[in-house]
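Working notes, beginning with the structure itself.
Residue numbers (UniProt numbering): 1 to 740.
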């Protein structure tokens, strides 16, 4: 056979990624309920969205399921169809290659076949491979021509089609060919083995890529499977029954038994337990839950029994919203992909032109047999230049990164947020609800003349009838320490000053220094400690028992446990941190000193937050803004990247590019690390893909032949192209090993 030979590579991802419908031999199944709810998109063109599997009308690739829409099972049938085609291609191509290569090693009549008979045997072996195994490729090739949208299938189809049709004519009508087309034995050379091996390698590459791509959405599919199917619902008379989850509505009371998954998002009404929330937060330590605490659907209850009130059910649960956001994000395109898109728009045309020039150069300037050299080298150019690796370089990495982020509670709204996060050098954070818990809590308590717990119980008892947030914080603090407030008699509240009541025969007062002074109580002995707490941005409450100052309590919006670690992590990444708050300068400075924050903007009105972000941007900074409230929404939208706390308002989350599911600021550091790793991974993919084509096309055209006598067979060109695409996918999957 001729100097170069067959084959080609796997075309590229063609068809099928995780879930695409494989133009398969089986009839299309009747739509099931799951399929009706599923949606499919193109990995290279996420703007394409369909209600059924099929091919992308732009590039011809098989559509893949949008994360969480129910289309994941289609991937299995795709793999099975590919496997059938692949094994058929291997079984028929191996003997075909042996027949084609035999003359090259001195066997001119392999298996006793004469040249004319050998052509018919090769025809019989190669035709099923090209027409059945390669049918998806040929179909997409035709669609690319019909839609005038030249793509990778155009190159593969041209290479396979020319090789097969020429060989078919050589077998059926050998007399039509002049002597220049004939070998030494007078037979016209055929290229069935080239066409068959190319098709088989393309199918092999598709099979490997389909399996690899399936891993990118596996995390989301696993999340979906975490949700229980049933729940124990309590009736008004206390009876409980097990009901399907879809029948649960907001307001229902549900029992969660030890070892069961929490069915929906809600609030604990009765009982206490520890809940494993690692599937949402990534934190392995179970979280204690008591009445009043929020719980999340699909998290695992441990050894306690809980009664919860259902609040978010169905598509409103946090799990469902995570899956929806990831699915939407995976259908967006990053700005970096524009470069690949622009190049790809002209790439196919340029490759076809290079293939034509290659054929003409070998025809007029090459050695004999000129036609064989011209024909095979042109096919090698078409095959090795398949731009699949270039097209996949960005979307595959983005998809893996989004799934990886979802596993640790970081939800990217779009690919743009991932790319922009890499360049962030300034993080602006709101204080209340972002650095802090967003609600007052009892932080310190000192008593004199009474036992600590007795004094705290008395103060909590006098505060219990009050509706003031500070009083409620003291009551909750006492309960958290195992104390039970007692009934209060003769209760009286002086607005803005304090409260008083009789508790177990004792007159108890709690409030400001002025409030106690009005009742002739001297608080001078507590002033030094009180001023120290005020410098720490705490609100001080004095209390007296039976007319004598007995101690002080401090209430503050406590800093989240994870905040110091988060701030330290951001500083280690070289990020400038700015706290933006409406609180007083003294309070803001106290928090900033405690956390080591670089810059403080205090007493900022809500409507001015966005203007401060603009100022930082005008100074040349790339800004990420983190907040949780409605008043933060304009600033979140103004920043290059808005980061919303998942514990905050829906308006904030809608304005942000990233949502931290549990409001843990450590997620910002993780997002930056993931973003930088993702963009580095994409650059590696693009460098490899473009570098591969830059090196492969000249080799396939034969630039080394004049000096070294080396040519690249279409067979090896196909193998190289297939491995380039698989390498890009494999490199992208390395993002799953990033430590966050």
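All C-beta atoms in this analysis are idealised placements derived from N, C-alpha and C, irrespective of residue type, glycine included.
Nothing here was measured: the structure is a model prediction, and the numbers come from that model.
Residue i vs residue j beta-carbon contact at 8 angstroms
i: residue 478; j: residue 457; result: yes
i: residue 268; j: residue 299; result: no
i: residue 434; j: residue 665; result: yes
i: residue 99; j: residue 133; result: no
i: residue 517; j: residue 462; result: no
i: residue 423; j: residue 576; result: no
i: residue 580; j: residue 614; result: no
i: residue 380; j: residue 700; result: yes
i: residue 130; j: residue 202; result: no
i: residue 82; j: residue 207; result: yes
i: residue 385; j: residue 691; result: no
i: residue 259; j: residue 229; result: no
i: residue 674; j: residue 616; result: no
i: residue 196; j: residue 89; result: yes
i: residue 306; j: residue 294; result: no
i: residue 672; j: residue 660; result: no
i: residue 474; j: residue 459; result: yes
i: residue 686; j: residue 401; result: no
i: residue 586; j: residue 537; result: yes
i: residue 483; j: residue 453; result: yes
i: residue 92; j: residue 128; result: yes
i: residue 55; j: residue 39; result: no
i: residue 744; j: residue 232; result: As shown, the chain starts at 1 and ends at 740. That puts residue 744 outside it, with no answer to give.
Local conformation of residue i per DSSP, three classes
i: residue 273; result: strand
i: residue 737; result: helix
i: residue 32; result: Bear in mind that the predicted position of residue 32 carries a pLDDT of just 33, short of 50, making it unreliable; the figure below should be weighed with that in mind. Residue state, collapsed to three classes: coil.
i: residue 16; result: At residue 16, the pLDDT of 32 sits below 50, so the modelled position is not reliable and the matter cannot be decided from this model.
i: residue 720; result: helix
i: residue 299; result: coil
i: residue 645; result: strand
i: residue 55; result: strand
i: residue 321; result: helix
i: residue 765; result: The displayed coordinates of the chain run from 1 to 740. Any statement about residue 765 would go beyond what the structure contains.
i: residue 174; result: helix
i: residue 25; result: Low local confidence applies: a pLDDT of 33 at residue 25 is under 50, so the model's placement there is unreliable, and no value is given.
i: residue 710; result: coil
i: residue 416; result: helix
i: residue 306; result: strand
i: residue 4; result: Residue confidence is low: residue 4 scores 36 on pLDDT, short of 50, so the model does not pin down where it sits. No coordinate-derived value is stated.
Closest residue to residue i among the options (Cα-Cα distance)
i: residue 626; options: 599, 578 and 590; result: 578
i: residue 159; options: 319, 173 and 378; result: 378
i: residue 523; options: 382, 509 and 145; result: 509
i: residue 164; options: 126, 489, 667 and 154; result: 126
i: residue 555; options: 536, 441 and 701; result: 441
i: residue 582; options: 632, 617 and 530; result: 632
i: residue 443; options: 352, 711, 552 and 490; result: 552
i: residue 676; options: 256, 260 and 573; result: 573
i: residue 726; options: 174, 589 and 204; result: 204
i: residue 119; options: 167, 93 and 136; result: 167
i: residue 150; options: 171, 94, 349 and 256; result: 349
i: residue 408; options: 600, 684 and 662; result: 662
i: residue 447; options: 465, 544, 513 and 624; result: 544
i: residue 265; options: 412, 453, 242 and 319; result: 319
i: residue 521; options: 639, 271 and 546; result: 546
i: residue 468; options: 541, 694, 628 and 598; result: 541
i: residue 566; options: 476, 535 and 429; result: 429
i: residue 557; options: 601, 588, 640 and 669; result: 588
i: residue 142; options: 410, 57 and 51; result: 57
i: residue 698; options: 354, 680 and 124; result: 354
i: residue 449; options: 170, 550 and 398; result: 550
i: residue 94; options: 232, 598 and 192; result: 192
i: residue 493; options: 638, 48, 728 and 465; result: 465
i: residue 420; options: 592, 641, 568 and 263; result: 641
Expected contact under 8 angstroms - CB spacing of residue i and residue j to nearest Å
i: residue 417; j: residue 658; result: 5 angstroms
i: residue 741; j: residue 310; result: Only positions 1 to 740 of the chain appear in this structure, which leaves residue 741 out of reach.
i: residue 227; j: residue 297; result: 6 angstroms
i: residue 570; j: residue 410; result: Their Cβ separation, rounded to whole angstroms, is 14 angstroms, which puts residue 570 and residue 410 out of contact at 8 angstroms.
i: residue 291; j: residue 270; result: 6 angstroms
i: residue 732; j: residue 693; result: Actually they are not in contact, since the Cβ atoms of residue 732 and residue 693 sit about 18 angstroms apart, beyond 8 angstroms.
i: residue 559; j: residue 595; result: 7 angstroms
Closer than 7 angstroms: residue i CB and nearest the ligand MN heavy atom
i: residue 238; result: This structure lacks the ligand MN; in fact it carries no ligand of any kind.
In the segment 543-620, which residue ranges form an unbroken beta strand (DSSP E) of at least 3 residues, counting only runs that do not cross its ends? 548-556, 576-580 and 599-601
Give, in chain order, every unbroken run of the beta strand (DSSP E) that is at least 3 residues long and sits entirely within the segment 436-503. 441-447, 489-494 and 498-503
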